[in-house]
Amino acid sequence: MSLPPNKIPTGPIDKAWTDRKFSMKLVNPANRRKYTVIVVGSGLAGASAAASLGELGYNVHCFCFQDSPRRAHSIAAQGGINAAKNYQNDGDSVYRLFYDTVKGGDFRAREANVYRLAEVSVNIIDQAVAQGVPFAREYGGLLANRSFGGAQVSRTFYARGQTGQQLLLGAYSALERQIAKGTVKMHPRTEMLDLVVVDGRARGIVVRDLTTGAISSYVADAVCLGTGGYGNAFYLSTNAKGCNVTAAWRASKRGAYFANPCFTQIHPTCIPVAGSYQSKLTLMSESLRNDGRVWVPKDPANCGKHPSEIAEADRDYYLERKYPSFGNLSPRDIASRAAKEACDDGRGVGPMVEGVRRGVYLDFADAIQRIGKAAVAEKYGNLFEMYQRITGEDPYEVPMRMYPAVHYTMGGLWVDYQLQSTIPGLFVIGEANFSDHGANRLGASALMQGLADGYFVLPFTLADYLAGVKPDGMATTHSAFRAVEGEVVAKNDKLLSIRGKRTVDSFHRELGLLMWDKCGMARTEEGLDEALQRIPALREEFWQNVTVSGSGAELNQSLEKAGRVADFLEFGEVMCLDARTRAESCGGHFRTEFQDEGEAKRNDAEYSHVSAWQYTGVGNAPVLHKEALEFNYVHPVTRSYK
Amino acid sequence: MRLTLHIWRQKAPTARGGKGDFEKYEVNDVSEHMSFLEMLDVLNERLETEGKDPIAFEHDCREGICGSCGFVINGSAHGPVPRTTVCQLHMRSFKDGDELVLEPWRARAFPILRDLIVDRSSFDRIIQAGGYVSTNTGSAPEANSVPVTKDSADRAMDAAACIGCGACVAMCPNASASLFTAAKVAHLNLLPQGQPERLIRTEKMVLQMDAEGFGHCTNHGDCSAVCPKGISVINIAQMNREYIEATLFSSPREGDTGDGA
Numbered sequence: 022m023s024l025p026p027n028k029i030p031t032g033p034i035d036k037a038w039t040d041r042k043f044s045m046k047l048v049n050p051a052n053r054r055k056y057t058v059i060v061v062g063s064g065l066a067g068a069s070a071a072a073s074l075g076e077l078g079y080n081v082h083c084f085c086f087q088d089s090p091r092r093a094h095s096i097a098a099q100g101g102i103n104a105a106k107n108y109q110n111d112g113d114s115v116y117r118l119f120y121d122t123v124k125g126g127d128f129r130a131r132e133a134n135v136y137r138l139a140e141v142s143v144n145i146i147d148q149a150v151a152q153g154v155p156f157a158r159e160y161g162g163l164l165a166n167r168s169f170g171g172a173q174v175s176r177t178f179y180a181r182g183q184t185g186q187q188l189l190l191g192a193y194s195a196l197e198r199q200i201a202k203g204t205v206k207m208h209p210r211t212e213m214l215d216l217v218v219v220d221g222r223a224r225g226i227v228v229r230d231l232t233t234g235a236i237s238s239y240v241a242d243a244v245c246l247g248t249g250g251y252g253n254a255f256y257l258s259t260n261a262k263g264c265n266v267t268a269a270w271r272a273s274k275r276g277a278y279f280a281n282p283c284f285t286q287i288h289p290t291c292i293p294v295a296g297s298y299q300s301k302l303t304l305m306s307e308s309l310r311n312d313g314r315v316w317v318p319k320d321p322a323n324c325g326k327h328p329s330e331i332a333e334a335d336r337d338y339y340l341e342r343k344y345p346s347f348g349n350l351s352p353r354d355i356a357s358r359a360a361k362e363a364c365d366d367g368r369g370v371g372p373m374v375e376g377v378r379r380g381v382y383l384d385f386a387d388a389i390q391r392i393g394k395a396a397v398a399e400k401y402g403n404l405f406e407m408y409q410r411i412t413g414e415d416p417y418e419v420p421m422r423m424y425p426a427v428h429y430t431m432g433g434l435w436v437d438y439q440l441q442s443t444i445p446g447l448f449v450i451g452e453a454n455f456s457d458h459g460a461n462r463l464g465a466s467a468l469m470q471g472l473a474d475g476y477f478v479l480p481f482t483l484a485d486y487l488a489g490v491k492p493d494g495m496a497t498t499h500s501a502f503r504a505v506e507g508e509v510v511a512k513n514d515k516l517l518s519i520r521g522k523r524t525v526d527s528f529h530r531e532l533g534l535l536m537w538d539k540c541g542m543a544r545t546e547e548g549l550d551e552a553l554q555r556i557p558a559l560r561e562e563f564w565q566n567v568t569v570s571g572s573g574a575e576l577n578q579s580l581e582k583a584g585r586v587a588d589f590l591e592f593g594e595v596m597c598l599d600a601r602t603r604a605e606s607c608g609g610h611f612r613t614e615f616q617d618e619g620e621a622k623r624n625d626a627e628y629s630h631v632s633a634w635q636y637t638g639v640g641n642a643p644v645l646h647k648e649a650l651e652f653n654y655v656h657p658v659t660r661s662y663k
Numbered sequence: 040m041r042l043t044l045h046i047w048r049q050k051a052p053t054a055r056g057g058k059g060d061f062e063k064y065e066v067n068d069v070s071e072h073m074s075f076l077e078m079l080d081v082l083n084e085r086l087e088t089e090g091k092d093p094i095a096f097e098h099d100c101r102e103g104i105c106g107s108c109g110f111v112i113n114g115s116a117h118g119p120v121p122r123t124t125v126c127q128l129h130m131r132s133f134k135d136g137d138e139l140v141l142e143p144w145r146a147r148a149f150p151i152l153r154d155l156i157v158d159r160s161s162f163d164r165i166i167q168a169g170g171y172v173s174t175n176t177g178s179a180p181e182a183n184s185v186p187v188t189k190d191s192a193d194r195a196m197d198a199a200a201c202i203g204c205g206a207c208v209a210m211c212p213n214a215s216a217s218l219f220t221a222a223k224v225a226h227l228n229l230l231p232q233g234q235p236e237r238l239i240r241t242e243k244m245v246l247q248m249d250a251e252g253f254g255h256c257t258n259h260g261d262c263s264a265v266c267p268k269g270i271s272v273i274n275i276a277q278m279n280r281e282y283i284e285a286t287l288f289s290s291p292r293e294g295d296t297g298d299g300a
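Chains as they are written, first to last, in the working numbering: chain A, 22 to 663; chain B, 40 to 300.
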């Protein structure tokens, strides 16, 4: 099947969403309760969608693998959320946020989607404030803003360093209110293990109750995935340990195309790896780059010295030097690569791990001198505490050490403008879809997109779909559900029966290291070819030699992990293939062969498209479908932050 | 360093009659840079290669914000370091030869599911009773149309920092959820947006807390002392005050969801 139409509205972009909202079909309030909608995931996208759909009167079932919807990984976002409010009178507008986001994404996102995102950004702030989200305020009682990477205006709203937590708790409170009212039935500790497609439409899911191990099915008129990103394909990332690609990948195996899987974001400011037992990486908010200055020694000979012994003249503030107009607030992809270059150059700092110093300094000495320690503490106190807890070093005294880490995935299931995947009735929202960030996401835009999709886009586009289908009383006794349940049970039984010699984690670590080496910050054709050889071999070994203890009929964390790693072992191959096929550099996708003195060299003539991959079987080459990108407003130029 | 661990092992949930006991484990080669959970990861990998069941413990973000993790280490929830969840506790806080006892949160309202994992769904039900502002998507006024004094916003944020981990309950001699409940009450009641439902919210959340089987507050303050986010006990005093006001002036109807629906 070729790619369905992307349903992007024609006509002027500033009227597109308004016109579309008017032309879409509605479901009468009295009829809404006759429709059942499944929402998988309870992060910003899932919780906001489930709550909003419940308020509208649909019969909603919401699922999360955590013990409570409040734990979803959106909670860990620190820095902030963008909105084009122009409260600071510094020239911001919907158009400017749109422009910055398209440019920031290195011209690999859809203009119409991004414009809509910028347009509804202002409603998100209104909604969050009304829910009681305690955003930072000025003494006059009005909302405060700060700046974030890739923008020259202050448009980021924040709640100390816990913006994601507060926005998620806002969405969670709205969700809990609907649960109390009975419009939403919440299923915590329940993992989606497959999608059920009947007569070409997504009609339900098969789940495992993570407490009892019971496998069961839920039927619905539409299914919506808000299941987050796939950063844990790299094993080490800033994602929560439970983050996985399982829901999205198993939907992909049922016919949903996967778009731009190689577009992954490496965040420049994470705490460096300390040892081989490391289980995850901790991000330090990009907001730190507002006041922290990034540097490494000019001379590799100085790298082992204490930073206080390195004279000002011997320091290389490389971001300020290379990108004078954006300086320390250069976009994430650029700041990450610059850090890697400095370390590859032998000028990294911190302890040697496997023979290399992988770290750069983020120094607050100037800020402390300029605005005082108390003001720095007011802005970043909790982040400084977190850093000290993990490293044992005091950032008020010694510069922080940072290194890039996998943080976010721009790729995801392909969706049209209506957020519908290639399977009718399967909608995808938030990080799980591919649509708004192109090849690089700007800081403070993930929270914006998750909530935009859930609060202000999906409720309209889902209605348009539901208005065209009739509730038909289908039950989970339908043969399609029985068949998929059987496959799920068989897969789990197989995992439990191998009883090999290697743990699930050891396979995950090996895959992650391979992905980071070959499909991480810098990619080459040769390296990707190697990965494409090694991943199938590793997958084969996994299915021969993994050990999963316990049984399927109990709380079994090994079995949960095994299923997720099995999916990463299939999905990682598609990531590498996508990276191999896209013979250009753009945003977070940096192919070493395509560069201009270290800067990404795009190839608009051949690659100004979305790559959507159709699954054709494990180990079989997926089929590539291309959606051409059109730029009628923001004309592709070489991205310059100099 | 070398450590001796005594860990609570329980295969079946308490609700289904499961019983548990401590088991002893020796761990060697513990690096001081490891987090506590990474130390358990290493132990679990060893158990799995030996064909044994790994120790079940809850965790997710491992950066101290999701609230998934938590167990009691030598009598202290989240271990010995103040304001630190167990996922951010590092082994440099321990020394060679230490003997550590690990057990789950113990409270009637937190039944054990397996090993160190407990069921905290009672917290969600307390929020369902009134831990929200009743505002449907789309109905919000312009964000800056309601100024909020910086002091109120800051104090609301202090309370809203609660991660819902349950350490407060685990440490309270009465297994009271007062600190958790009071933090949410304070967060919303301090803001102008929370005013219309201030009394009914307080009353319903307190009643739900009782209905879940949590104990009462007798001002020990252990909750706040172990809270990884440093939530203040002042919130409990404020909640109690508002609860008295609520019982005098508000009368919820049976089955009322709190927002007139």
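In this text, a Cβ means the ideal position worked out from N, Cα and C, and glycines have one as well.
Could you name the residues of the same chain whose beta carbon sits closer than 6 Å to that of B/GLY59, not counting the 5 residues immediately before and after it, in chain order?
-> The beta carbon of B/GLY59 sits closer than 6 Å to those of TRP47, ARG48, GLN49, all from its chain and outside the five residues before and after it, given in chain order.
Check whether A/PRO209 and A/PRO90 have beta carbons under 8 Å apart | In this structure, A/PRO209 places its C-beta atom within 8 Å of the C-beta atom of A/PRO90.
Considering only residues of the same chain and omitting the five flanking positions on each side of A/ALA139, which have a CB-CB separation below 7 Å?
-> In its chain, beyond the 5 residues on either side, ALA105, VAL115, LEU118, PHE119, THR122 have a beta carbon closer than 7 Å to the beta carbon of A/ALA139.
Other residues of its chain near B/GLY269: CB distance less than 6 Å, five sequence neighbours each side excluded | So the qualifying residues of the chain are ARG122.
Just the C-alpha distance for B/MET130 and B/PHE110, rounded to the nearest angstrom, thanks.
-> Answer to the nearest angstrom: the Cα atoms are 16 Å apart.
Going by beta carbon distance, what residues of the same chain come within less than 7 Å of A/GLU546, once the five residues before and after it are set aside?
-> If we look at A/GLU546 and ignore the five residues flanking it on each side, its Cβ neighbours are ARG601, GLU614.
Reducing DSSP to helix, strand and coil, say where A/PRO445 ends up.
-> Coil.
Hey, A/ASN403 and A/GLY182: beta-carbon distance below 8 Å or not?
-> A contact, by the Cβ cut-off of 8 Å.
Are the region 320-337 of chain A and the region 366-376 of chain A touching by the rule of at least three beta carbon pairs closer than 8 Å?
-> Contact holds: three or more Cβ-Cβ distances are below 8 Å.
Looking at B/VAL172 and A/ALA574, is the spacing between their C-beta atoms short of 8 Å?
-> Taking 8 Å as the cut-off, the Cβ atoms of A/ALA574 and B/VAL172 do not count as close.
Rounded separation between A/ASP215 and A/ALA165 - CA only | C-alpha of A/ASP215 to C-alpha of A/ALA165: approximately 44 Å in a straight line.
Near B/SER365, which residues of its chain fall below 7 Å by C-beta distance, leaving aside the five closest residues on each side in sequence?
-> In the structure as shown, chain B begins at 40 and stops at 300. Residue 365 of chain B is therefore absent and cannot be evaluated.
Mind checking which residues open and close the beta strand (DSSP E) that includes A/CYS291?
-> Per DSSP, A/CYS291 belongs to the beta strand (DSSP E) from 285-291.
Starting from A/PRO282, find everything on chain B with Cβ-Cβ shorter than 9 Å and list it in chain order.
-> Residues of chain B with a Cβ closer than 9 Å to the Cβ of A/PRO282 do not exist; the shortest Cβ-Cβ separation is about 24 Å.
Buried/exposed call for B/VAL224, threshold 16 Cβ in 10 Å = Using a 10 angstroms sphere on the CB of B/VAL224, the tally of other CB atoms reaches 16 or more, which defines it as buried.
Using the C-alpha atoms, what's the distance from A/ASN49 back to A/PRO416?
-> Going by the C-alpha atoms only, they are around 57 Å apart.
Sequence-distant residues of its chain with Cβ nearer than 6 Å to A/GLU341 (five each side left out) = GLY348.
Candidates A/LEU590, A/GLY541, A/ALA201: closest to A/GLU562 by CA position | In terms of CA proximity to A/GLU562, A/LEU590 leads the group A/LEU590, A/GLY541, A/ALA201.
Pair within 8 Å by beta-carbon distance, A/ILE200 and A/ARG131 = Not a contact, by the Cβ cut-off of 8 Å.
Taking contact to mean at least 3 C-beta pairs separated by less than 8 Å, is the region 535-554 of chain A in contact with the region 491-498 of chain A?
-> No: the two stretches stay apart, fewer than three of their Cβ pairs being nearer than 8 Å.
My understanding is that B/PHE219 touches B/PHE162, with C-beta atoms under 8 Å, so please give their C-beta distance in whole angstroms.
-> The beta carbons of B/PHE219 and B/PHE162 sit about 6 Å from each other, so the pair counts as a contact at 8 Å.
Leaving out five residues before and five after A/PRO318 in sequence, what residues of the same chain have Cβ atoms less than 8 Å from its Cβ?
-> Answer for A/PRO318: CYS324, LYS326, ILE331, ASP335, ARG336, ASP337, ARG368, VAL370, listed in chain order.
Per the contact definition of three or more C-beta pairs closer than 8 Å, is the region 463-481 of chain A in contact with the region 65-75 of chain A?
-> At 8 Å Cβ cutoff, the stretches touch.
Say whether chain B places a C-beta atom closer than 8 Å to the C-beta of A/VAL374.
-> No - not a single Cβ of chain B is within 8 Å of the one on A/VAL374.
List the whole-angstrom C-beta distance separating A/THR211 from A/ASP242, where the pair is believed to meet the contact cut-off of C-beta under 8 Å.
-> The pair is not a contact, with the Cβ atoms about 20 Å apart (cut-off 8 Å).
Any beta-carbon of chain A closer than 8 Å to the one on B/GLY299?
-> Reliability of the predicted coordinates at B/GLY299 is poor, the pLDDT of 44 falling under 50, and no value is obtained from them.
When DSSP labels each residue in this structure, what does A/LEU302 get in the three-state scheme?
-> A/LEU302: coil per DSSP, three-state reduction.
Are A/ALA360 and A/PRO425 close, meaning C-beta to C-beta below 8 Å?
-> Result yes, Cβ atoms of A/ALA360 and A/PRO425 sit closer than 8 Å.
Using alpha carbons as the reference points, say which of B/THR43, B/GLN167, B/GLU251 lies closest to B/PHE61.
-> Checking every option, the nearest Cα to that of B/PHE61 belongs to B/THR43.
Per DSSP, the bridge partner or partners of A/ARG314 | Note: A/ARG314 sits in a beta bridge opposite A/ASP384.
Determine, using beta carbons only, whether A/THR211 comes closer than 8 Å to chain B.
-> By this cut-off, A/THR211 is not an interface position.
Which residues in the same chain as A/ASN13 place their Cβ atom closer than 7 Å to its Cβ, once the five residues preceding and following it in sequence are excluded?
-> Look at the range of chain A in this structure, 22 to 663, and you will see that residue 13 of chain A is not part of it.
So, do the region 425-437 of chain A and the region 393-412 of chain A have three or more beta carbon pairs nearer to each other than 8 Å?
-> Touching, no, given that fewer than three Cβ pairs across the two stretches are closer than 8 Å.
According to DSSP, what are the bridge partners of A/CYS245?
-> In the DSSP output, where bridge partners are listed per residue, A/CYS245 has A/VAL60, A/PHE448.
Give the C-beta separation of B/ALA209 and B/TRP144 to the nearest angstrom, bearing in mind that I take them to be a contact with Cβ-Cβ under 8 Å.
-> Going by Cβ atoms, the distance from B/ALA209 to B/TRP144 rounds to 4 Å, so yes, they are a contact pair.
Contact set between B/GLU77 and chain A, taken where Cβ atoms lie within less than 8 Å = Within 8 Å Cβ-Cβ: TYR298, GLN299, SER300.
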